[in-house]
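K.L.:
Below you'll find the structure I mean.
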Amino acid sequence: MIETSLVTSRADLEDILALQRENHRDVVQEEDARREGFVTVAHTMEALEGMHAIAPSVIAREGAELAGYALVMPVEARTLVPILDPMFRQFEVLEWRGKPLGALRYYVMGQICVARAHRGRRVVDAMYDEHRAQYASRFELCVTEIATRNTRSIRVHERVGFQLVKTYRDANDEWAVVAWDWSPPK
Numbered sequence: 001m002i003e004t005s006l007v008t009s010r011a012d013l014e015d016i017l018a019l020q021r022e023n024h025r026d027v028v029q030e031e032d033a034r035r036e037g038f039v040t041v042a043h044t045m046e047a048l049e050g051m052h053a054i055a056p057s058v059i060a061r062e063g064a065e066l067a068g069y070a071l072v073m074p075v076e077a078r079t080l081v082p083i084l085d086p087m088f089r090q091f092e093v094l095e096w097r098g099k100p101l102g103a104l105r106y107y108v109m110g111q112i113c114v115a116r117a118h119r120g121r122r123v124v125d126a127m128y129d130e131h132r133a134q135y136a137s138r139f140e141l142c143v144t145e146i147a148t149r150n151t152r153s154i155r156v157h158e159r160v161g162f163q164l165v166k167t168y169r170d171a172n173d174e175w176a177v178v179a180w181d182w183s184p185p186k
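With the UniProt record's numbering, letter number 168 in the sequence shown gets 168, and the count goes up by one each step, no holes.
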């Protein structure tokens, strides 16, 4: 049975880094990347510890095995992962429902990954349910960007409830910026 929780230890962070290394775009074969997805950024332990100190990330476990992780990256954590600065700069000029994104209480889904043995079991849904349970009182919106060629991730985020904000291209890829709105209906 899959159980979700917040990160509580350095061992949790070490497990995240191990799963991240297994699924990084530099090591995943192209066909697997198309079919199964991939992660783009390689975090350091120091960056994860800094992010965790601001807002702990969500993990999913089956027993002792890490089934997946979903990193919480508040705007205050921006400097911890310099490679993501272009993403944050992009967010500074975006609007969500007629308001500048910066005027809203949001955090970035820093990365989400499910271990191969647990894919197809709605682990992402469980982790996002945990995100909402833990952070909806603190944030109005969860925002992230996904490489448009990562079609599995695009489909999963749509299923969860993320909506497209904007698509743009940088020197490396084409990105879909998506948002999951938690604000109460008006």
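Even for Gly, the Cβ is constructed at its ideal location relative to N, Cα and C.
Note that this is a predicted model, so its numbers are computed, not measured.
1. Where do the N-terminal and C-terminal ends of the alpha helix (DSSP H) with I16 fall, by residue?
2. Locate the beta strand (DSSP E) running through R121, then write down its first and last residues.
3. Quick check: what's the CA-CA separation for I112 versus F38?
4. In the structure shown, what three-state DSSP assignment does T55 receive?
5. Should A147 and V165 be called a contact, given that it needs their Cβ atoms to be closer than 8 Å?
6. Return helix, strand or coil for M87, following the three-state DSSP convention.
7. Beta-carbon separation of M51 and V72 under 8 Å?
8. If you compare alpha carbons, which of H24, G68 and A64 is closest to G120?
9. So if DSSP puts P74 in a beta bridge, which residue, or which two residues, is it bridged to?
10. If you count every other CB in all the chains shown that lies within 10 Å of the CB of V124, and 16 or more means buried, which is it?
11. A70: which of E92, V177, E174 and L13 sits nearest, CA to CA?
12. Give me the Cβ distance between A60 and A133, rounded to the nearest whole Å; I'm assuming they're in contact under 8 Å.
13. How long is the line joining the alpha carbons of D181 and D32, rounded to whole angstroms?
14. Which residue's Cα is closest to the Cα of T44: R149, E36, S9 and Q20?
15. Cα separation between L101 and P74?
16. If distances are taken between C-alpha atoms only, which option among E36, D15, H24 and T40 comes closest to T151?
17. From the DSSP output, in three-state form, read off Q163 for me.
18. Give me the residue from A117, A115, W175 and R122 with the minimum Cα distance to V143.
P.N.:
Short version:
1. On the sequence shown, residue 16 is found 16 positions in, with the first residue counted as 1. From DSSP, the alpha helix (DSSP H) with I16 extends over R10 to N23.
2. As a position in the sequence shown, residue 121 is number 121, starting the count at 1. No beta strand (DSSP E) contains R121, which DSSP labels as neither H nor E.
3. By one-based count along the sequence shown, residue 112 stands at place 112. By one-based count along the sequence shown, residue 38 stands at place 38. In a straight line, the C-alpha of I112 is about 9 Å away from that of F38.
4. One-based indexing of the sequence shown puts residue 55 at position 55. For the sequence presented, residue 55 should be read as Ala rather than Thr. Three-state DSSP puts A55 in coil, outside helix and strand.
5. Sequence index remark: in the sequence shown, residue 147 carries index 147 (1-based). Sequence index remark: in the sequence shown, residue 165 carries index 165 (1-based). No; because the gap between Cβ atoms is not below 8 Å, this pair is not in contact.
6. The count along the sequence shown starts at 1 and reaches residue 87 at position 87. Reduced to three states, the DSSP call for M87 is helix.
7. Locating residue 51 in the sequence shown gives position 51, counting from the first residue. Locating residue 72 in the sequence shown gives position 72, counting from the first residue. Yes; because the gap between Cβ atoms is below 8 Å, this pair is in contact.
8. Working through the sequence shown from its first residue, we reach residue 120 at position 120. Selected option, being the one with the closest Cα: G68.
9. The count along the sequence shown starts at 1 and reaches residue 74 at position 74. Y107.
10. Working through the sequence shown from its first residue, we reach residue 124 at position 124. Burial call: buried.
11. Reading the sequence shown from its first residue, position 70 is the one you call residue 70. Nearest option by C-alpha distance: L13.
12. Taking the first residue of the sequence shown as position 1, residue 60 is located at position 60. Taking the first residue of the sequence shown as position 1, residue 133 is located at position 133. With a Cβ gap of about 13 Å, A60 and A133 do not count as contacting.
13. On the sequence shown, position 181 is the one that residue 181 refers to. On the sequence shown, position 32 is the one that residue 32 refers to. D181 and D32: Cα-Cα distance of roughly 31 Å.
14. Looking up residue 44 in the sequence shown gives position 44. Ranking the options by Cα distance to T44, first place goes to Q20.
15. Against the sequence shown, residue 101 aligns to sequence position 101. Against the sequence shown, residue 74 aligns to sequence position 74. Computed Cα separation, rounded: 13 Å.
16. Here residue 151 refers to the residue found at position 151 of the sequence shown. The candidate whose alpha carbon is nearest that of T151 is E36.
17. Numbered from its first residue, the sequence shown carries residue 163 at position 163. Correct three-state label for Q163: strand.
18. Locating residue 143 in the sequence shown gives position 143, where the first residue counts as 1. Checked all of A117, A115, W175 and R122; the closest Cα to V143 is W175.
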